[in-house]
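Visitor:
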Amino acid sequence: MWLLERLSPDFKTIANFRKDNGKGIKNVCRKFVELCRQFNMFEDAVFAIDGSKFKAVNNKSKNYTPSKVQFHIERVEKSIEKYLSQMDAKDENEKESDPTVAASKLAWLKQRLVELKALEKQVNKHPDKQISQTDPDARLMKTHPMERQVCYNVQAAVDTKNPLIVCHDIVMTTDRGQLTL
């Protein structure tokens, strides 16, 4: 810290470094574990495993499940019907109105409907049936009894002799089955 004169990198700098050097970071971690094994720093009998959830940059509004996409599709379809009926009513009353405003809104709604249909296909193809647009690896998870957030579930195995991380992994929503062989 003193070498940098108390400068600390921005979260985006760290995120970009992690993204650009993911393979290298994994290799360093693997080599470190191998080195610890060579020096007999691990007790092969007992490891402690624990997990933590880390909030992602992704907002809940940018996370989609099949039911959420369907809700948005229905809402857009209702809006399209509403605009079409309003345009029909104005045509019957023969009032002069600006048709370009309604037409541009209708075009936007139709474009949004196309985007939602494409998103629906992506969500249904995904193994855990959800997509996060800002942070594709993050998932909507239960963090407290009544709260759900878009986050990561990080699992770490620690040696009990010397508190060193032996293995770590980012798993999807739950950590069930982590100890199965």
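First residue of the sequence shown? That's 2 in this note's numbering, and the numbers climb one at a time after it. Glycine is no exception: its CB is placed at the ideal position from the N, C-alpha and C atoms.
By the 10 Å Cβ neighbour count, where 16 or more other Cβ atoms means buried, how is residue 105 classified, buried or exposed?
Guide: So residue 105 ends up on the exposed side.
Visitor: Looking at the strands, I want to know which residues DSSP matches up with residue 160.
Guide: Note: residue 160 sits in a beta bridge opposite 48.
Visitor: If we count the other Cβ atoms within 10 Å of its Cβ and call it buried at 16 or more, is residue 132 buried or exposed?
Guide: Buried: at least 16 other Cβ atoms inside 10 Å.
Visitor: Is the stretch 10-20 touching the stretch 137-154 in the sense that three or more CB pairs, one from each, lie closer than 8 Å?
Guide: Cβ pair count under 8 Å is below three, so no.
Visitor: What residue range is occupied by the uninterrupted beta strand (DSSP E) comprising residue 144?
Guide: Element bounds for residue 144: 140-145.
Visitor: Mind the definition here: the stretch 161-176 touches the stretch 75-94 only if three or more C-beta pairs lie below 8 Å; say whether that holds.
Guide: Cβ pair count under 8 Å is below three, so no.
Visitor: Which whole-angstrom value is the C-beta distance of residue 114 and residue 75, which I expect to be below 8 Å?
Guide: The pair is not a contact, with the Cβ atoms about 10 Å apart (cut-off 8 Å).
Visitor: Can you give me the Cβ contacts of residue 156 inside the same chain, cut-off strictly under 8 Å, excluding the 5 residues immediately before and after it?
Guide: Closer than 8 Å at the Cβ level, and outside the excluded window around residue 156, lie 50, 51, 52, 169, 170, 171, 172, 176, 179.
Visitor: Could you tell me which whole beta strand (DSSP E) segments of length 3 or greater appear in the stretch 25-91?
Guide: You should have 48-56.
Visitor: For residue 29, is the classification buried or exposed, using 16 other Cβ atoms within 10 angstroms of its Cβ as the cut-off for buried?
Guide: Result: exposed.
Visitor: Pull up the DSSP beta-bridge partners for residue 169, would you.
Guide: Answer is 157, bridged to residue 169.
Visitor: State buried or exposed for residue 160, treating a residue as buried only when at least 16 other CB atoms are found within 10 Å of its CB.
Guide: It is buried - the Cβ of residue 160 has at least 16 other Cβ atoms within 10 Å.
Visitor: Please look up how many angstroms separate the CB atoms of residue 87 and residue 103, rounded, as I've assumed it's under 8 Å.
Guide: Residue 87 to residue 103, Cβ: 7 Å. Contact.
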